[in-house]
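The sequence shown begins at 3 in the numbering used here and counts up by one.
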Amino acid sequence: MALAWRNLQKAFSLETSLRIPQMCPSSSLGASWISVSRLTLHTKPSMPSCDFSPERYQSLPYSRALEIHKKHLSPVETAYFQKPLLLHQGHMEWLFDSEGNRYLDFFSGIVTVSVGHCHPKVTAVAQTQMDRLWHTSSVFFHPQMHEYAEKLSALLPEPLKVIFLVNSGSEANDLAMMMARAYSNHTDIISFRGAYHGCSPYTLGLTNVGTFKVKLPSGMGCRSTMCPDVFRGPWGGSYCRDSPVQTVRKCSCAPGPNGQGRRVECHFWIAADCCQAKEQYIEQFKETLNTSVAKSIAGFFAEPIQGVNGIVQYPKEFLKEAFALVRERGGVCIADEVQTGFGRLGSHFWGFQTHDVLPDIVTMAKGIGNGFPMAAVVTTPEIAKSLANCLHHFNTFGGSPLACAIGSAVLEVIKEDNLQKNSQEVGTYMLLKFAELRDEFDIVGDVRGKGLMIGIEMVQDKMSRQPLPKTEVNQIHEDCKDMGLLLGRGGIFSQTFRIAPPMCITKLEVDFAFEVFRSALTQHMERRAK
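The following block contains the structure:
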């Protein structure tokens, strides 16, 4: 109900802003009468209105913050942009910097702000709990932990009913690795190339993105296997993935009644009702099992959609067959829902459900707390008992009263504001809209994703599919920021724009983002021509 009312307000205000001269500081239209649909190269898209006024920034000057960062914080360069933003305040899908500039947040603090920055209900619950009790540790009971455990377990299928509460995605995957090995009594764990499962010493073995690989020993007993990427990989086709938008790679398969492919024998589909591209990737998975691990393994980690690697989707049915092969070897299957969970994909609450599989262990973080440090591992009673038999697992901060109160509020908001449905409707609208840019610009190689988890892969040209040089992608990124749109980055070569806004986003704001991105691409092509 709250989301519907906000949509109505925005529809009225945006319609008004397109017909009536705007003189407010946040408007870039000035006194002109320009429709968003008729934007030219040198017209800055008009930002939708926002019914929130940030407080005046009165903290550290930018130069002082920069000085402190260089002197006292990690020297690893993680901040976006030549001049990193100094953010001051957030409200729902909007962020405000120290200079008072407003930005539409299309990355959610790396896919973390699920229901909106400083959502009023979540904020109120947090404030109430802070006045009552912050911390006890698990050596004492408190009702918030038990209430949250009951709510979360109700959202997972049997037998995934035992919850371990921790503080981050890396910590959750650490624990899941230990569970897999304790239960199976084996060591080897497989993960995809391009996977990101954390940056702790243990999970670095599972993470297979070059930036996160180190010369030092870490993550022993982990093996990588080919990522079944139907856009950049050796095999792919026009009907491979679970998305409203498919690759431009051609295959002989004609679409069936649902537009997802026809189950007949052809170049990329065979009589066994299987996509040939999927079959080829399964053969590569079997090759890994036959050559790179012991005869019995501990498990297999998979993100339902790869996040850090640039929103990479696998062929339909791949995970189902891979899970069966892992279980034949005595291993357990772990779904890393750190980025995909809590309704973000729209059609289902959990990403693994979109693959029609049932994992043995599920890890979750990020959106679970809307930005509050919180994570969980959910598994079966049998696997939980095997861990308890070999390890007295304890976590000082996991499941604190404050974290559990916030977690409960997030679940309530997702339901009350129909955010899973919004992810499906607005996400599909956005995918189809951004796919138009792939037809318009040769440097847009692929548009993919599901719900509000979308990737736009930039290439030198569609024929070669070679990544667009990072310097060029950086400039497009900067141009979007200068027009008020914050995007994420991903991919082995940082060539993919990652889009994962708070799930309260509206179609009007998608229209604005589309015009900004299109304008940035047009500016880039003009620079190229010169």
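Just so you know, even glycine gets a beta-carbon here, dropped at the ideal spot from N, CA and C.
Opening and closing residue of the alpha helix (DSSP H) in which residue i lies
{"i": "H188", "result": "Segment: none, H188 is in no alpha helix (DSSP H) and carries neither H nor E."}
{"i": "I284", "result": "Q278 to T293"}
{"i": "E152", "result": "P145 to S155"}
{"i": "A197", "result": "Looking at the DSSP string, A197 is not in any alpha helix (DSSP H), and its letter there is neither H nor E."}
{"i": "K215", "result": "Counting along the chain, K215 falls outside any alpha helix (DSSP H), and DSSP gives it neither H nor E."}
{"i": "R529", "result": "K509 to A531"}
{"i": "E418", "result": "P403 to E418"}
{"i": "V124", "result": "P122 to R134"}
{"i": "G111", "result": "S110 to V113"}
Inter-residue Cα distance where the pair is residue i and residue j
{"i": "L321", "j": "F302", "result": "10 Å"}
{"i": "N397", "j": "Q422", "result": "31 Å"}
{"i": "V449", "j": "H90", "result": "32 Å"}
{"i": "N292", "j": "H357", "result": "25 Å"}
{"i": "M455", "j": "P317", "result": "17 Å"}
{"i": "F351", "j": "L158", "result": "9 Å"}
{"i": "R500", "j": "K387", "result": "39 Å"}
{"i": "E152", "j": "K417", "result": "16 Å"}
{"i": "F443", "j": "T524", "result": "9 Å"}
{"i": "P383", "j": "V164", "result": "6 Å"}
{"i": "G118", "j": "T508", "result": "12 Å"}
{"i": "K252", "j": "D231", "result": "15 Å"}
{"i": "S61", "j": "G353", "result": "40 Å"}
{"i": "E438", "j": "V247", "result": "10 Å"}
{"i": "H148", "j": "E480", "result": "45 Å"}
{"i": "Y150", "j": "A531", "result": "57 Å"}
{"i": "S76", "j": "F214", "result": "15 Å"}
{"i": "G92", "j": "G453", "result": "23 Å"}
{"i": "D176", "j": "F142", "result": "24 Å"}
{"i": "E180", "j": "V518", "result": "Note on identity: in this sequence residue 180 is Met, with Glu being the wrong assignment. C-alpha separation (whole angstroms): 45 Å."}
{"i": "G401", "j": "L510", "result": "38 Å"}
{"i": "P23", "j": "V113", "result": "Summary for P23: the model assigns pLDDT 29, below 50, so the residue's position carries little reliability, and this model does not support an answer."}
{"i": "S245", "j": "Q315", "result": "9 Å"}
{"i": "A377", "j": "A407", "result": "13 Å"}
{"i": "L208", "j": "L413", "result": "29 Å"}
{"i": "I191", "j": "A337", "result": "13 Å"}
{"i": "E528", "j": "R225", "result": "45 Å"}
{"i": "V339", "j": "V295", "result": "Reading the sequence as shown, one finds Glu at residue 339 and not Val. C-alpha separation (whole angstroms): 25 Å."}
{"i": "C120", "j": "D53", "result": "14 Å"}
{"i": "F325", "j": "R467", "result": "30 Å"}
{"i": "S155", "j": "Y64", "result": "45 Å"}
Contacting residues, own chain, Cβ-Cβ under 7 Å from residue i (five flanking each side not counted)
{"i": "H144", "result": "L135, T138 and P403"}
{"i": "L327", "result": "F287, K288 and L291"}
{"i": "G111", "result": "G373"}
{"i": "V512", "result": "V428, Y431, M432 and K435"}
{"i": "P27", "result": "With a pLDDT of 35 at P27, under the threshold of 50, the predicted position of this residue should be treated as unreliable, though the coordinate-derived value follows. Cβ within range, chain order: n/a, list empty."}
{"i": "S170", "result": "A367, P375 and A377"}
Boundaries of the beta strand (DSSP E) in which residue i is found, first to last residue
{"i": "S100", "result": "Taken as a continuous stretch (DSSP letters only), S100 belongs to no beta strand (DSSP E), as it is neither H nor E."}
{"i": "Q91", "result": "L89 to H93"}
{"i": "R234", "result": "Note, R234: premise wrong, no beta strand (DSSP E); not H, not E."}
{"i": "F166", "result": "V164 to V168"}
{"i": "R225", "result": "C224 to T227"}
heavy atom of the ligand PLP below 7 Å from residue i C-beta
{"i": "Q426", "result": "Absence of the ligand PLP is noted for the structure shown, with no ligands found whatsoever."}
Cut-off 8 Å between Cβ atoms - residues of its own chain near residue i, not counting five sequence neighbours on either side
{"i": "F495", "result": "P469 and K472"}
{"i": "S425", "result": "G345, R346, L347, G348, G453, L454 and M505"}
{"i": "R329", "result": "C335"}
{"i": "V216", "result": "L206"}
Contact set for residue i: own chain, Cβ-Cβ below 6 Å, skip 5 residues either direction
{"i": "F233", "result": "T249 and D448"}
{"i": "T498", "result": "G312, G457, E459 and G492"}
{"i": "L97", "result": "L89, Y105 and D107"}
{"i": "H526", "result": "I478"}
**Request:** Entirely within the segment 424-507 and at least 4 residues each: give me those alpha helix (DSSP H) ranges in chain order.
**Result:** The alpha helix (DSSP H) runs of length 4 or more contained entirely in the segment 424-507 are, from start to end of the chain, 472-484.
**Prompt:** Do the segment 363-375 and the segment 467-485 touch if we need at least three Cβ pairs shorter than 8 Å?
**Reply:** no
**Request:** Evaluate contact between the segment 284-304 and the segment 181-201, counting only Cβ atoms and requiring at least three cross-stretch pairs below 8 Å.
**Result:** yes
**Item:** 4 or more residues per run - each alpha helix (DSSP H) lying fully within the segment 287-355
**Value:** 320-330
**Request:** Would you check if there are 3 or more beta carbon pairs closer than 8 Å linking the segment 103-116 to the segment 490-504?
**Result:** Short answer: they touch.
**Message:** Could you tell me which whole alpha helix (DSSP H) segments of length 4 or greater appear in the segment 50-74?
**Reply:** Listed in chain order, the complete alpha helix (DSSP H) runs (minimum 4 residues) inside the segment 50-74 are 64-74.
**Message:** Assess contact between the segment 482-494 and the segment 279-291, defined as three or more Cβ pairs (one per stretch) separated by less than 8 Å. Is contact present?
**Reply:** no
**Request:** Take every Cβ of the segment 438-452, pair it with every Cβ of the segment 57-74, and state whether three or more of those distances are shorter than 8 Å.
**Result:** no
**Message:** With three or more beta-carbon pairs closer than 8 Å as the criterion, would you say the segment 73-90 touches the segment 460-474?
**Reply:** By the Cβ rule, the segment 73-90 does not count as touching the segment 460-474, because fewer than three pairs are nearer than 8 Å.
**Request:** Could you tell me which uninterrupted alpha helix (DSSP H) segments, each at least 4 residues in length, are contained entirely in the segment 357-401, listed from first to last along the chain?
**Result:** Complete alpha helix (DSSP H) runs here, min 4: 383-392.
**Request:** Decide yes or no for the touch test of the segment 200-214 against the segment 232-250: beta carbon pairs closer than 8 Å, at least 3 of them.
**Result:** no
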